[in-house]
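Enquirer: Okay, here's the structure, questions in a sec.
Protein chains: 2
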Amino acid sequence: MRAPADETFAEMLRAAVPGLSVGAPGASYLEEPRGRHKGCGGVLVKPASTAEVAAVLRTCHAAGVGVVPYGGGTGLVGGQIVEDGPAPVILSLEKMTAIRAITRHVLEIEAGATLQAAQDAADGAERLFPLTIASQGSARIGGVLATNAGGVNVLRYGNARELCLGVEAVLADGTVISGLKHLRKDNTGYDLKDLLIGSEGTLGIITAATLRLLPKPAAVGTAMMVVESPSAALELLELAEARMPGCVSAFELISGQGLRFLDAVGPDVHQPFTTRPDWSVLIEIGLPEGLAAEEALAGLFEAAEGLVSDGVIASSENQRAQMWALRESLPEANKRIGSISSHDISLPLPKLAQFIEEAQVALRALADIRINCFGHVGDGNLHFNAFPAEGRDRKEYENLRRAIPETVYDLVDRFGGSISAEHGIGRLKVGDLERYGDPGKLAAMRAIKAALDPKGILNPGAVLAER
Amino acid sequence: MRAPADETFAEMLRAAVPGLSVGAPGASYLEEPRGRHKGCGGVLVKPASTAEVAAVLRTCHAAGVGVVPYGGGTGLVGGQIVEDGPAPVILSLEKMTAIRAITRHVLEIEAGATLQAAQDAADGAERLFPLTIASQGSARIGGVLATNAGGVNVLRYGNARELCLGVEAVLADGTVISGLKHLRKDNTGYDLKDLLIGSEGTLGIITAATLRLLPKPAAVGTAMMVVESPSAALELLELAEARMPGCVSAFELISGQGLRFLDAVGPDVHQPFTTRPDWSVLIEIGLPEGLAAEEALAGLFEAAEGLVSDGVIASSENQRAQMWALRESLPEANKRIGSISSHDISLPLPKLAQFIEEAQVALRALADIRINCFGHVGDGNLHFNAFPAEGRDRKEYENLRRAIPETVYDLVDRFGGSISAEHGIGRLKVGDLERYGDPGKLAAMRAIKAALDPKGILNPGAVLAER
């Protein structure tokens, strides 16, 4: 059993790590964005260096005290929240925000810097760090990597994992792994970087990273196009990729339900289509020199005759921003409506359209609900969220709070999909992972966790259930 | 201590796995391409299914018998060769070559299929599997993934790791991990796929994989350009990427020494420049519709005035093939000359040119040698190989067989580079990894190895020294 992070332990930390910021965690460290779970935490520490992180972990390891790594607090699966058990140390990286180095190809940055700060640093060097998520102003690099964040540009540029060349991290016992390589190719031993990325703070705490910087496209174009169905959307994607291989950077599916939610509750955004289409896509391309983005999109629109019934091509930066504002307002509209259950899932592309049909039928058989299905369809990633019927409250659906996700996940599983495409497992999906995960993989995960964190102090109860 | 794979154990295998191909390994299973090391192996098994692989490993695990996974035998660091100790089982994947499924986006293929077979399957579906290495006709997918192979297209498409969506693998105790996902986004637990990729058969045996298929570029262009220096080559790369972001698929540095080796010993290939330039690059681009590749390369050539002194743009498929034949003949020419020591290294791009200068000076201070420095410079990856002076034999340099690599690797290490960019550690670089590797990383690697393979039966002595 772990020991609690109480006042005695706080004193131990102060003695062991002179100068360390040690205090009581304010309310903001014990909340999560959806407001459904409240955390407990005995002691908040804010180390200012990797050496301080290592010293904190050595002390916690010796005493058997749990540690919850804390980034921007934007995670949606409770990875930053311990609801019960011995109060843990909350270790916030917020003081470690330095840019340690920047070249044309690599940004070396500390884990407490926000994703926005990384993007801005790249932009300042006239380069691109393409990872883009709605919470990037608050989300910190450590959390972005720990959860292998995805977002809208994965189609072209990959997840956080593919954009990270190396990490510096501290293991449970305080061992520092110094892996801040500026290298694209490095086959020297096991891939600890990728093991730590996506481990949600349960195997080590990432303190800094080297991120890939890329050249900016010579021309960027954005459009919204109306399609008949998700299946037509995927055909349009095929067409776009055949014409512009590797140049389609975002391909987002938007459902009519989402647009009607925006009409009903806001945020107030410009909608390009007067009649709200049942299905539309936002497509963004980035091209080499010699091609005009608007022309390329117009060419795609023409070539997609029969597949696309209407479309708007952004002809100014302002119009482009409006389209993205619409897309990025969907989660806020969802929040204002109040979902019964949200599902961050992915499907093999050839099965995605059939999944949407069958899942809608299956959920509507359970209850009178509305479904807002949208997301990064180019990656097979859907946010498939269930809402109360108009005029009804989500409290009326309390009895379905388990049946709805089970129905969705059973179907996802049957179609060979993932029950967590980009948000991770955190604490909310631990049971789902046990249910749907491959038993061989789970056994190997437990063996690795026991090997690297034998006392189970790192983010206890996240990803893997405590035994 | 492990037990030997002797005739008694062969009988045990036959009894435990009815129908399994069990025999004595022929000479070809005990050699490696450079002919420097001879392996020992007591029993050769050729399982025909994942279930058979699992049964073999269960039996080996129970008896404490070592297992060397065997793909195409093309590895250059001795990962496929055990020179001494108890004779291991050699487990060849050559019977598992099936294509299990193919869609527009994913090729599901068994580990014994060659890389060429994977490329051909993609091509048959009018898609691209971009991983390209000289040995692709023999190298098998299992080995390609186990060593995280690189090659000429990493610049645009990434290493084997980035092109693999999931693996099926068998752990030391026979546990099967079924991870053949067809998904681009899947954040459900630790990234075992990437841990197994690059682990060189020491953590598990990959039996099948899902590989990413990509759209083919609408237009492909290839050129060779003469530059003043490696530094000018990197400036040219910058320029090319600024004009055609994400569209430069290969950027290979070629030294005059390599061209002179071809003149002296063959293979007989067409050389585009009558006077052999000290430095030249082979550049390949893949463009979207609407751009002509030859024009784009001509535009680059013009824009590179002052940087590029001469150039040839391929105007036919034949000319393109000639350029690649020249590039791909360099390793064979090297072999015919006979290197004293070869080094597969990578450097941070901003330090690469300086490294080449300093390394040449340092090696020439040791002895009168020739250096052929070439490779995937766009990824920072160099093959930096030392040869005898003209008219001398490599035997005369026997006393420098340790000093030369040490000099190179010390410098690589000082410049923040990697002592193995794409070939891996195998057995030949185990000592180098201990010397230059991060101690924290090595400790974590040993903990993971002990957790997943407690008896140390999987590819014993590869990557990590046996204790």
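In the order they appear, the protein sequences are chains P and A.
full-length UniProt numbering numbers the first residue of the first sequence as 1 and each following residue consecutively.
full-length UniProt numbering numbers the first residue of the second sequence as 1 and each following residue consecutively.
In this text, a Cβ means the ideal position worked out from N, Cα and C, and glycines have one as well.
For glutamate 83 of chain P, which residues in the same chain have their Cβ closer than 8 Å to its Cβ, ignoring the five residues on either side in sequence?
Expert: His37, Lys38, Gly39, Cys40, Arg427
Enquirer: Taking the alpha-carbon positions, what's the isoleucine 141 of chain P to alanine 98 of chain P distance?
Expert: 11 Å
Enquirer: Counting contacts by CB-CB distance shorter than 8 Å, is lysine 455 of chain P in contact with chain A?
Expert: no
Enquirer: Can you list, in chain order, the residues of its chain whose CB lies under 7 Å from that of threonine 132 of chain P, leaving out five sequence neighbours each side?
Expert: Gly151, Val152, Asn153
Enquirer: Do you know offhand how far proline 47 of chain P's Cα is from methionine 323 of chain A's?
Expert: 55 Å
Enquirer: In the DSSP output, which residue or residues are listed as bridge partners for valine 220 of chain P?
Expert: P/Gly286
Enquirer: If contacts are defined as beta-carbon pairs under 8 Å, then lysine 185 of chain A and glycine 166 of chain A qualify, I think. What distance do you get, rounded to the angstrom?
Expert: So it is not a contact: roughly 12 Å between Cβ atoms.
Enquirer: Which residues, in order along the stretch 271-290 of chain A, keep a beta-carbon less than 8 Å from a beta-carbon of chain P?
Expert: Gly286, Leu287, Pro288, Glu289, Gly290
Enquirer: Following the continuous alpha helix (DSSP H) through glycine 256 of chain A, name the residue where it begins and the one where it ends.
Expert: 256-265
Enquirer: Using beta carbons (cut-off 8 Å, strictly below), is leucine 171 of chain A in contact with chain P?
Expert: yes
Enquirer: Could you pull out every unbroken beta strand (DSSP E) segment of at least 3 residues lying fully inside the stretch 182-223 of chain P, listed in chain order?
Expert: 205-212
Enquirer: Between which two residues does the alpha helix (DSSP H) holding cysteine 60 of chain A run?
Expert: 50-63
Enquirer: Do we get a CB-CB distance below 8 Å when we pair valine 56 of chain A with the residues of chain P?
Expert: Not closer than 8 Å to any Cβ of chain P, the Cβ of valine 56 of chain A fails to qualify, so no.
Enquirer: Using a C-beta cutoff of 8 Å, does tyrosine 409 of chain A count as contacting chain P?
Expert: Proximity of tyrosine 409 of chain A to chain P, defined by a Cβ-Cβ separation below 8 Å, is not satisfied.
Enquirer: From the DSSP secondary-structure annotation, give me the bridge partner or partners of glycine 166 of chain P.
Expert: P/Thr210
Enquirer: What residues are listed by DSSP as bridge partners for tyrosine 436 of chain P?
Expert: DSSP output for tyrosine 436 of chain P lists no bridge partner at all.
Enquirer: According to DSSP, lysine 46 of chain A sits in a beta bridge with which residue or residues?
Expert: A/Ser21
Enquirer: Distance, Cα to Cα, alanine 292 of chain P vs proline 217 of chain P?
Expert: 11 Å
Enquirer: List, in chain order, every chain P residue whose beta-carbon is nearer than 9 Å to that of asparagine 159 of chain A.
Expert: Arg184, Lys185, Asn187
Enquirer: Need the endpoints of the beta strand (DSSP E) that alanine 403 of chain A sits in, please.
Expert: No beta strand (DSSP E) holds alanine 403 of chain A; the alpha helix (DSSP H) holding it covers 403-414.
Enquirer: Counting along the chain, where does the alpha helix (DSSP H) carrying phenylalanine 9 of chain A start and finish?
Expert: 7-16
Enquirer: Locate the beta strand (DSSP E) running through asparagine 148 of chain A, then write down its first and last residues.
Expert: Neither: asparagine 148 of chain A is in no beta strand (DSSP E) and is coded neither H nor E.
Enquirer: What residue does the beta strand (DSSP E) around aspartate 310 of chain A start on, and which one ends it?
Expert: 308-313
Enquirer: Under three-state DSSP, which class holds aspartate 123 of chain P?
Expert: helix
Enquirer: Which residue's Cα is closest to the Cα of arginine 243 of chain P: A/Val269, A/Pro245, A/Pro215, A/Gly266?
Expert: A/Pro215
Enquirer: Does chain P have any CB closer than 8 Å to the CB of isoleucine 419 of chain A?
Expert: With 8 Å as the cut-off, isoleucine 419 of chain A counts as an interface residue toward chain P.
Enquirer: Since proline 348 of chain P contacts leucine 183 of chain A with CB under 8 Å, what's their CB separation in whole angstroms?
Expert: About 7 Å; that satisfies the 8 Å criterion.
Enquirer: Give a yes or no on whether 8 Å exceeds the smallest Cβ distance from glutamate 422 of chain P to chain A.
Expert: yes
Enquirer: Does histidine 105 of chain P get closer than 8 Å to chain A when you measure Cβ to Cβ?
Expert: yes
Enquirer: When you check each C-beta in the stretch 343-359 of chain A against every C-beta of chain P, which residues fall closer than 9 Å?
Expert: Along the stretch 343-359 of chain A, the positions whose C-beta sits under 9 Å from a C-beta of chain P are Asp344, Ser346, Leu347, Pro348, Leu349, Pro350, Lys351, read in chain order.
Enquirer: Do the CB positions of valine 463 of chain A and glycine 189 of chain P come within less than 8 Å of each other?
Expert: yes
Enquirer: Please report the residue range of the alpha helix (DSSP H) in which glutamate 295 of chain A lies.
Expert: 293-303
Enquirer: Should leucine 192 of chain P be flagged as near chain A, meaning a C-beta pair shorter than 8 Å?
Expert: True, the Cβ-Cβ gap to chain A drops below 8 Å.
Enquirer: Taking 8 Å as the cut-off, decide whether the C-beta atoms of glycine 64 of chain P and alanine 15 of chain P are in contact.
Expert: Result no, Cβ atoms of glycine 64 of chain P and alanine 15 of chain P do not sit closer than 8 Å.
Enquirer: Excluding the five sequence neighbours on either side, which residues of its own chain have a C-beta within less than 6 Å of the C-beta of glycine 338 of chain P, listed in chain order?
Expert: Contacts found: Arg394.
Enquirer: Hey, would you say valine 176 of chain A sits closer than 8 Å to threonine 50 of chain A, going by beta carbons?
Expert: Inclusion of valine 176 of chain A and threonine 50 of chain A in the CB contact set at 8 Å is warranted, their separation being smaller than that value.
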